[in-house]
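Working notes, structure below.
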Amino acid sequence: MKKNIALFCSLILLLSSCSSDNNYNPPTDDSSQIVLTKKIINKNLNDNSIVNITEFEYNGNKISKSISQSNKILYTYNGDLITNIKIYDLNDTLLSEYLYSYQNNNLVETIYKILTSNVCEKRLYTYNANQTVNYIYYQGDLLTQNTLYKTGVITIQNEEVVSIIGQDYINSVSRNSTFTYDNQNNPSKNIIGIDKLKVELDRVGGVFKNNISNSTVYNNSQYFNTDFTYVYNLNGYPVTANYFFNGINFKNEYFY
Numbered sequence: 003m004k005k006n007i008a009l010f011c012s013l014i015l016l017l018s019s020c021s022s023d024n025n026y027n028p029p030t031d032d033s034s035q036i037v038l039t040k041k042i043i044n045k046n047l048n049d050n051s052i053v054n055i056t057e058f059e060y061n062g063n064k065i066s067k068s069i070s071q072s073n074k075i076l077y078t079y080n081g082d083l084i085t086n087i088k089i090y091d092l093n094d095t096l097l098s099e100y101l102y103s104y105q106n107n108n109l110v111e112t113i114y115k116i117l118t119s120n121v122c123e124k125r126l127y128t129y130n131a132n133q134t135v136n137y138i139y140y141q142g143d144l145l146t147q148n149t150l151y152k153t154g155v156i157t158i159q160n161e162e163v164v165s166i167i168g169q170d171y172i173n174s175v176s177r178n179s180t181f182t183y184d185n186q187n188n189p190s191k192n193i194i195g196i197d198k199l200k201v202e203l204d205r206v207g208g209v210f211k212n213n214i215s216n217s218t219v220y221n222n223s224q225y226f227n228t229d230f231t232y233v234y235n236l237n238g239y240p241v242t243a244n245y246f247f248n249g250i251n252f253k254n255e256y257f258y
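Structure representation (structure tokens):
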């Protein structure tokens, strides 16, 4: 359970949602002022403990590194596209790695290596004219991936993922997820190349333009509904975020 909560928290670190002020006006997009997230503190409000602290480093508008209490993540670019992400523990042991390939600025293939268990996923994406993306995952070892793992369809509206319908064949799980968004600035919106990764299932919910206000997930007979409530600064970026998951009230604090 703790592992699942930690994973969920890591996926929503860069989330935000509707302001507590329902009359809040949409921010003006000022391209001369580039806002980048420097630190996020994730708290468990049930026991007033700190779950995680993540700090971010950049090269201009390109993310280069994030460091948390459990790992270090390094990012590599080719031009304006993120082509490699490596995840290390705090002893600099490489735990996992993502390799990204693109066509026409769209992510078409991901190789995800879990080095600690000799497991590898090959993820393929096909983009359709109706704003949907078909995905198919294969799983295997680090050399060969030919076991069908997942298939499904991702629907995109206004540059955000709004629904996922899919099947996990290895774990016999059907997934039906929906996401709604506000019209405010997401903490990651100014990071170059991060928007190209929105179709990655382990990053959906990380959102890249606006902020998620509700996430609804059906996994077989399980149902998860999560609302996000945020307070924004004058530029329309979240400074605090509150949400409830697995019986725990969480709060994120954002620093720019």
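Using this note's numbering, you'd call the opening residue of the sequence shown number 3 and step up by one each time. All C-beta atoms in this analysis are idealised placements derived from N, C-alpha and C, irrespective of residue type, glycine included.
Drop a sphere of 10 angstroms on the beta-carbon of residue i, count the other beta-carbons inside from all chains shown, and report buried for 16 or more, exposed for fewer.
i: TYR137; result: buried
i: ALA243; result: buried
i: ASN212; result: buried
i: GLY62; result: exposed
i: GLU123; result: buried
i: SER190; result: buried
Using only alpha-carbon positions, find the residue among the options that is nearest to residue i.
i: ASN48; options: SER70, PHE247, PHE257, ASP229; result: PHE247
i: TYR316; options: ILE43, THR228, LEU150; result: Because the chain is modelled from 3 through 258, residue 316 falls outside the range shown and cannot be assessed.
i: ILE84; options: LYS74, ASP91, LEU109; result: LEU109
i: LYS88; options: TYR104, GLN71, TYR114, ASN107; result: TYR114
i: SER98; options: ASN80, TYR79, ASN120, ASN106; result: ASN120
i: ILE158; options: TYR183, THR146, ASP143, SER174; result: TYR183
i: THR228; options: VAL135, GLU202, SER72, PHE181; result: PHE181
Please classify residue i: does DSSP put it in a helix, a strand, or coil?
i: ASP197; result: helix
i: GLY142; result: strand
i: ILE2; result: Residue 2 falls outside the range modelled here, since the chain spans only 3 to 258, and no answer is possible.
i: ALA131; result: coil
i: SER70; result: coil
i: LYS115; result: strand
i: ASN160; result: coil
i: LYS152; result: strand
i: THR78; result: strand
i: ASN86; result: strand
i: LYS211; result: coil
Can you tell me the Cα-Cα spacing of residue i and residue j, whole angstroms?
i: LYS152; j: ASN46; result: 32 Å
i: GLU59; j: LYS67; result: 5 Å
i: LEU38; j: ASN188; result: 10 Å
i: THR112; j: TYR256; result: 29 Å
i: ILE2; j: TYR129; result: Only positions 3 to 258 of the chain appear in this structure, which leaves residue 2 out of reach.
i: SER176; j: PHE210; result: 26 Å
i: ILE65; j: LYS200; result: 16 Å
i: PRO240; j: ILE52; result: 19 Å
i: LEU76; j: LEU96; result: 10 Å
i: MET3; j: ASN254; result: Confidence at MET3 is low in this model, with a pLDDT of 42, below 50, so the placement of that residue should be treated as unreliable; the coordinate-derived value is given next. So the two alpha carbons sit approximately 20 Å from each other.
i: ASP91; j: LEU126; result: 28 Å
i: ASN173; j: ASN251; result: 29 Å
i: LEU101; j: ASN86; result: 5 Å
i: GLU57; j: LYS41; result: 4 Å
i: ASN222; j: ASP204; result: 18 Å
i: GLY168; j: GLY142; result: 20 Å
i: TYR258; j: LEU145; result: 41 Å
i: THR70; j: ILE55; result: Checking the sequence, you will find Ser at residue 70 rather than Thr. Whole-angstrom Cα-Cα distance: 5 Å.
i: GLN186; j: GLY238; result: 6 Å
Any chance you could list the beta strand (DSSP E) runs of at least 3 consecutive residues sitting entirely within the segment 41–68, in chain order? Secondary structure within the segment 41–68: the beta strand (DSSP E) runs of 3 or more consecutive residues, fully enclosed, are 41–46, 51–61 (chain order).
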